[in-house]
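In the order they appear, the protein sequences are chains A and B. The first sequence begins at 4 in the numbering used here and counts up by one. The second sequence begins at 2 in the numbering used here and counts up by one. Glycine included, each C-beta is placed from N, C-alpha and C at the ideal position. None of these values were measured; they are calculated from a predicted model.
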Amino acid sequence: MSILTLVQAVNHTLRDEMRRNDNIIVLGEDVGVDGGVFRATEGLVQEFGPNRVVDTPLAESGIIGISIGMALYGLRPVPEIQFMDFIYPAFDQIQSELAKFRYRSGGQFVCPLVIRTPYGGGIRGSHYQSQSTEAFFVHTPGLKVVIPSTPYDAKGLLTSALRDLDPVLFLEPKKIYRTVRGEVPDEEYTVPIGKAKVVREGNDVVVFAYGAMLHVATEAAELAASAGISVEVVDLRTLLPFDIETIMASVQKTGRVIILHEACKTCGFGAEIAAQIAERSILRLKAPIIRVAGYDTPFPLVLEDKYMPNAKRVLRAIEKVYNF
Amino acid sequence: MSHRNNLGRLTLTLELLQIIKPSGECVEQMEPEISHDELKRLYKLMMLVRNLDTRSLQLQRQGRIGFYIGCLGQEAAQIGSAYALKPEDWIFPAYREVGAMLQRGIPLEDLMNQYFANAEDVQKGRQLMNLYGSKSVNYVTGSAPIATQLPHAVGAAFAAKLRGDKIVTLVYFGEGATSANDFHAGMNFAGVYKTPTIFFCQNNHYAISLPVERQTATQTIAVKAKAYGFEGQRVDGNDILAVYRTTKEAVDRARSNGGPTLIEAVTYRMGPHSSSDDPKRYRSNQELDEWQMRDPLVRFRKYLERKHIWSSTDEEKAQEDTNRQIDAAIAHAEKIPRPSIETLFTDVYAELPWHLQEEFQELKDEEVGR
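Okay, here's the thing in structure tokens:
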């Protein structure tokens, strides 16, 4: 057992799985001798050499495009996109190629690979180092989208992703890369893709969250507890395919729902969860579903603290549904 | 001085390798060693592709298949280049490489099943006609976005190089694709990693309606390779022997760690871009007539006749054989029903996740309710 930060958990998992599987190739901008701008790949090139930890030219569509070719040939590439904000040149490769190969070839050609990329705000990075645009990718049949919120889950989910048969977008909440520490077993384990986790039990209200926002949800739940409201917190962990059973169990239990994400609200992932709940169980609800989300503006700089949902905003939403 | 040197190199790439002259005469010292039987097989394959193309467009016009995207006039470029590969090499097509598919060994019957999008189509009726692939012959299934396949070919070649496999990858694209960002990404990564990749550009002069002069300001496509640190070569794309020779040299070089090559095969799309296109809107009959004088089949036939290995009797028989083959493939494919509704949901993922199971059930319920 070690106490690790989230980024250390990612780093150790890559190292451990690369030791187990020679087919894993890490590639991306500055992933080699620099160890990645967030140091997620630190030490890997020293252990595995430049043929398995490959510094690439500065072209995201090329990084994902060659990764697809490598995966088609039978390797298991793990491309890093330095910031999720820079993934768009590769959007065509992800949407039109990566996510479609299995289907369009009738199952003949597959490209299981893991795209790792840091996402999200709270680091004073302004528009181009802060966005949380997971919804574009959840809207893509053929992809899996995974977001850990703890070092333990980062290791377990990344291990699963590196062994999955389908392409996985692995989104790393950069705000909590180093601020969240936790116990991580040294031995091998997996956390299954597609399974949410009830991280706090409660009876009155449920808050669904993921990534860095999970910790905001937990903080809000504690504030609510001192006000006498019992809040359940669910870490969704996988957005595609999301865990409908766990979601609906918490809805049945509480009847009051908050969905929390830092991505902007309109057509954000919360809209999908809200719709699923409404389709399945609208009469069970005791109050309207509330989404606490980033505003529908481009990501700001100096007012980032106002843009990002915080525990107080979540608490107000909890009180609103509780008192409805 | 360096400026002049650069101009000198540019001029070199303007030259077009030609082995069979339009008369059928051959530059003997350049003639590749190919057996007479193989030469005849290649010609018959060109004829099969030509006849298949004509018939398929008719099938589309008759409403029997949904769409067609053909390769009329590009048979030599496609078959000559694919012929230069070994079976273990990989092909990454664009979307009109019928010649490469058949040369590669994809059975005509399989292709026809794909045209009719029937239950025997290995792609389960999911792709437009000729966006086809076959894992068993390392022919990767194509897509409609332009130039996305270039980085794939580089990645596969890179993977092979890392594993120590002596294979090469060949990627097809048109001159229009050289404007797209993935052309740059693919060429650049290949140059940096010296991957065993052949970039085979069929310069067929038009990207739908846009002529090559409006696509690029460079005098040739081949010259673009210089910017990526490797060689570009220009070949008469309507001369199957020149295409074969140029590609074979590039393939041999790549296989012996010589890195990538860009080949510009200068050819002409004699048919429409697709069954939805009317080329009369953007090009003259006179221009088409001029290119018909350079028809790759006519030229290769003259070459075979001059060698006294092909006669008008052979020609008649080959026409009959190929048409009979096509008729049989159509007759079979047209009888097969379309794929089951289950295939709407399979192969999205390795396993069917809950939401697709649920949606499949909804569709089944709806079918029962009818």
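Asked: Residues bridged to C267 of chain A (per DSSP); Found: A:G297
Asked: Chain-ordered residues of the segment 343-362 of chain B with a beta carbon less than 7 angstroms from chain A; Found: D348, V349, Y350, A351, P354, W355 and H356
Asked: DSSP beta-bridge partners of Y283 of chain B; Found: Its beta-bridge partners do not exist; DSSP assigns none.
Asked: Classification of F302 of chain A by the beta-carbon crowding that lies within 10 angstroms, buried from 16 upward; Found: buried
Asked: Where L53 of chain B sits in the DSSP three-state scheme; Found: helix
Asked: C-alpha distance - S313 of chain B paired with E306 of chain B, whole-angstrom precision; Found: 9 angstroms
Asked: Cβ neighbour criterion (16 or more within 10 Å) applied to L306 of chain A; Found: exposed
Asked: Residue-chain proximity (A62 of chain A, chain B), Cβ-Cβ < 8 angstroms; Found: yes
Asked: Length of the line joining the Cα atoms of L11 of chain B and D240 of chain B; Found: Summary for L11 of chain B: the model assigns pLDDT 36, below 50, so the residue's position carries little reliability; its value from the coordinates is reported in the next sentence. Near 23 angstroms, if we compare the C-alpha coordinates of D240 of chain B and L11 of chain B.
Asked: Length-filtered (3 minimum) beta strand (DSSP E) runs lying within the segment 107-165 of chain B; Found: none
Asked: Anticipated Cβ contact below 8 angstroms, R246 of chain B with P33 of chain B, distance rounded; Found: 5 angstroms
Asked: N54 of chain A in three-state terms, based on DSSP; Found: coil
Asked: R119 of chain A, enclosing alpha helix (DSSP H) - first and last residue; Found: First-last for R119 of chain A: V117 to Y122, but that is the beta strand (DSSP E), not the alpha helix (DSSP H).
Asked: Residue environment, I28 of chain A, which counts as buried when at least 16 other CB atoms sit within 10 Å; Found: buried
Asked: Touching by the beta-carbon criterion (3+ pairs, under 8 angstroms), the segment 134-143 of chain B and the segment 45-53 of chain A; Found: no
Asked: Cβ pair count under 8 angstroms reaching 3, the segment 118-132 of chain B against the segment 336-345 of chain B; Found: yes
Asked: Residue from B:E368, B:Y283 and B:T198 whose Cα sits closest to the Cα of H206 of chain B; Found: B:Y283
Asked: Span separating the alpha-carbon of T221 of chain A from that of W91 of chain B; Found: 52 angstroms
Asked: CB contact check: Y76 of chain A to chain B, cutoff 8 angstroms; Found: yes
Asked: Expected contact under 8 angstroms - CB spacing of V194 of chain A and S163 of chain A to nearest Å; Found: 6 angstroms
Asked: Residue environment, Y192 of chain A, which counts as buried when at least 16 other CB atoms sit within 10 Å; Found: exposed
Asked: For I310 of chain B and R235 of chain B, the rounded distance between their alpha carbons; Found: 29 angstroms
Asked: Interface partners of T149 of chain B on chain A, CB under 7 angstroms; Found: G68, D95, Q96, S99 and E100
Asked: Three-state secondary structure assigned by DSSP to K45 of chain B; Found: helix
Asked: Nearest residue (CA-CA) to R127 of chain B, options A:Q132, A:Y106 and A:A138; Found: A:Y106
Asked: R5 of chain B (DSSP reduced to helix, strand or coil); Found: With a pLDDT of only 33 at R5 of chain B, under 50, the local geometry of the prediction cannot be trusted, and the value read off the model is given with reservation. Reduced to three states, the DSSP call for R5 of chain B is helix.
Asked: Through-space distance from A281 of chain A to R316 of chain A, alpha-carbon basis; Found: 23 angstroms
Asked: Validate contact between the segment 53-72 of chain A and the segment 171-179 of chain B using beta carbons, cut 8 angstroms, 3 pairs; Found: no
Asked: Chain A contact for R105 of chain B (CB, 8 angstroms cutoff); Found: no
Asked: Reduced DSSP category for S152 of chain A - H, G, I as helix; E, B as strand; rest coil; Found: coil
Asked: Below-8 angstroms beta-carbon distance, G175 of chain B vs any chain D residue; Found: This model lacks chain D altogether; the protein chains it does include are A and B.
Asked: Min CB distance D183 of chain B to chain A below 8 angstroms; Found: yes
Asked: Cβ contact (3+ pairs, closer than 8 angstroms) linking the segment 93-105 of chain A and the segment 134-144 of chain A; Found: yes
Asked: Beta-carbon proximity of T248 of chain B to G81 of chain B, cut-off 8 angstroms; Found: yes
Asked: Classification of R215 of chain B by the beta-carbon crowding that lies within 10 angstroms, buried from 16 upward; Found: exposed
Asked: Interface flag, G71 of chain B vs chain A, CB-CB below 8 angstroms; Found: no
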